[in-house]
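Visitor: Residue numbers (this note's numbering), protein chains in the order written: chain Z, 1308 to 1425; chain D, 433 to 540.
1. If you compare alpha carbons, which of 1345/Z, 1364/Z, 1398/Z and 1393/Z is closest to residue 531/D?
2. Chain Z partners of residue 492/D, CB-CB under 9 Å?
3. Which chain Z residues sit within Cβ distance under 7 Å of residue 523/D?
4. Would you mind telling me which residues of chain D sit closer than 9 Å to residue 1347/Z, beta carbon to beta carbon, in chain order?
5. Alpha carbon to alpha carbon, how far is residue 455/D from residue 1407/Z? Give it in angstroms, no decimals.
6. On the three-state DSSP scale, how would you describe residue 1365/Z?
7. Find the residues of chain Z that neighbour residue 488/D, judging by a C-beta separation of less than 8 Å, and give them in chain order.
8. Would residue 518/D count as contacting chain Z if we go by Cβ distances under 7 Å?
9. Does the Cβ-Cβ distance between residue 1328/Z and residue 1409/Z come in under 7 Å?
10. Secondary structure at residue 484/D, three-state DSSP: helix, strand or coil?
11. Under 9 Å, CB to CB, which of the residues in the stretch 1326-1342 of chain Z have a partner in chain D?
12. Which first and last residues belong to the beta strand (DSSP E) in which residue 498/D is found?
13. Name the one or two DSSP bridge partners that residue 1406/Z has.
14. Among 1401/Z, 1422/Z, 1424/Z and 1416/Z, which has the Cα closest to the Cα of residue 1353/Z?
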């Protein structure tokens, strides 16, 4: 079935970087944009940016520009989100999401918990 | 950026009740509104796209309406599994598709 499977939980020190992977299956990976959305504990949903898996083009929310890098490896249908210079307020669940046929986020990864703590 | 303002932020209701959640966009967005349900500890799930199109497998007690700037999500008869947090989202204006702040639906 169509799914996005993310890498496991991470614990990082402040100032470090984290790289989260998102493996797509059940559809043509290059046909749909992948977005990254994060959710801090008890908070709402915040989009971070997107990547076009076909071209590699990216666009990042202003809040994360300079700290986030989104890449992909089409040979293994996997997207990546790298966030650097981590702070405690980056502790959150990070989701990869497919921007699908209905102008909506139709497929969500299971989420990756990133904890930033000294 | 287009702002999505959801109300109420929380709501207490009983099984069998009819509930309505509203979402207002800061500018015209046609019908480019989606609604998501998020249960605790789970990823959000797409319920309704394009303001009123029910996704496959979503019970018919869920419905959406609206166009322009004002949108509603209605649950006609609450079931125990419907107690969750609901988010609206606009997909009219790229690059960012902002969400409303969420409505937490709790059991009365």
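Yeah, the Cβ is synthetic: ideal placement off N, Cα and C, and Gly gets one too.
Guide: Well, looking at it:
1. With distances taken between Cα atoms, residue 531/D lies closest to 1345/Z.
2. Identification of chain Z residues near residue 492/D by a Cβ-Cβ cut-off of 9 Å yields none; the smallest Cβ-Cβ distance measures about 18 Å.
3. Per Cβ cutoff of 7 Å: 1410 and 1411.
4. None at all; the shortest Cβ gap to chain D is about 12 Å.
5. Cα to Cα, residue 1407/Z sits roughly 22 Å from residue 455/D.
6. It is a strand residue.
7. Here the premise fails: no neighbours, minimum Cβ distance about 10 Å.
8. Not closer than 7 Å to any Cβ of chain Z, the Cβ of residue 518/D fails to qualify, so no.
9. No, they are not a contact pair.
10. The answer is coil: DSSP assigns residue 484/D none of H, G, I, E or B.
11. Only those residues of the stretch 1326-1342 of chain Z whose C-beta falls short of 9 Å from the nearest C-beta of chain D are listed: 1342.
12. In the DSSP assignment, residue 498/D falls within the unbroken beta strand (DSSP E) covering 494-499.
13. Residue 1406/Z is bridged to 1412/Z.
14. Considering only alpha carbons, the answer is 1401/Z.
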